[in-house]
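To convert, note that position 26 of the sequence shown is 28 in the working numbering; the numbers rise steadily by one, no gaps.
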Amino acid sequence: MAIIHYDVTFEKCPSLNQIKDKLDSRMGLRTHLVKDSIEGCHEWPHIGLVRESGTFECDECDDSDLEMTVGSSGVRISCVPSSTHPYFRESALAALIDLGGNFEAKLHPYIAKRWSELSPAEKQVGWRTH
């Protein structure tokens, strides 16, 4: 299984709770956040000194999950494509951008909608094709 990483850089990084609130608001769904214990003094390229890490789960979005690690200068999203609905992944990236993050890639247009507003075809876009 391949794990995909997305790094979003910040001048001032949000907390996992701030990210959860923005993600829930953007999607119109309630996610679950389970925070991980982390060892101090880990520095990662692109995101800096690791501050907190956790797993976001969304049962309503086809049981998707992804991990986020918040550093001093960025946030890394890590996910397995077969267990993360593309809408959930793209919405997480959009939430980070909404919170002031910098991410160069173009996001799918359906992130402008809440989950309940997506058509059945949009809910199937690229899902479990990897």
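Ideal Cβ positions, reconstructed from N, Cα and C, are used throughout, including at glycine.
Computed from a predicted structure; not experimentally measured.
* Asked: Is the segment 80 to 88 touching the segment 32 to 48 in the sense that three or more CB pairs, one from each, lie closer than 8 Å?
  -> no
* 3-residue-minimum beta strand (DSSP E) runs that sit fully inside the segment 78 to 125, ordered along the chain -> none
* Specify whether the segment 112 to 119 and the segment 24 to 37 touch according to this definition: at least 3 beta carbon pairs, one from each stretch, less than 8 Å apart. => Judged by Cβ distances under 8 Å, the segment 112 to 119 makes contact with the segment 24 to 37, as three or more pairs qualify.
* Please name the residue, chosen from Leu98, Lys22, Cys81, Phe90, that lies closest to Met3 on a Cα-to-Cα basis. => Sorting Leu98, Lys22, Cys81, Phe90 by C-alpha distance to the C-alpha of Met3 places Cys81 at the top.
* To do: Drop a sphere of 10 angstroms on the beta-carbon of Cys43, count the other beta-carbons inside from all chains shown, and report buried for 16 or more, exposed for fewer.
  => exposed
* Give the straight-line distance between the Cα atoms of Ala107 and Lys22, rounded to the nearest whole angstrom. => 22 Å
* To do: Between the Cα of His7 and those of Gln20, Asn19, Leu68, spot the shortest distance and give me the residue it belongs to.
  => Ranking Gln20, Asn19, Leu68 by Cα distance to His7 puts Leu68 first.
* From the DSSP output, read off the bridge partner residues of Lys37. => Gly56
* Along the chain, where does the beta strand (DSSP E) that runs through Leu68 open and close? -> 66 to 73
* Same chain only: Cβ atoms within 6 Å of Ile99, ignoring 5 sequence neighbours per side -> Phe105
* Apply the 10 Å Cβ neighbour rule to Lys24 and answer buried if 16 or more other Cβ atoms are within range, or exposed otherwise. => Taking all protein chains in view, the Cβ of Lys24 is crowded by 16 or more other Cβ atoms within 10 Å, so the residue is classified as buried.
* Asked: Within 10 angstroms of its Cβ, does Asp61 collect 16 or more other Cβ (buried), or is it exposed?
  -> exposed
* To do: Could you tell me whether the Cβ atoms of Phe58 and Leu95 are closer together than 8 Å?
  => no
* Asked: His7 bridges to which residues according to DSSP?
  -> Ser80
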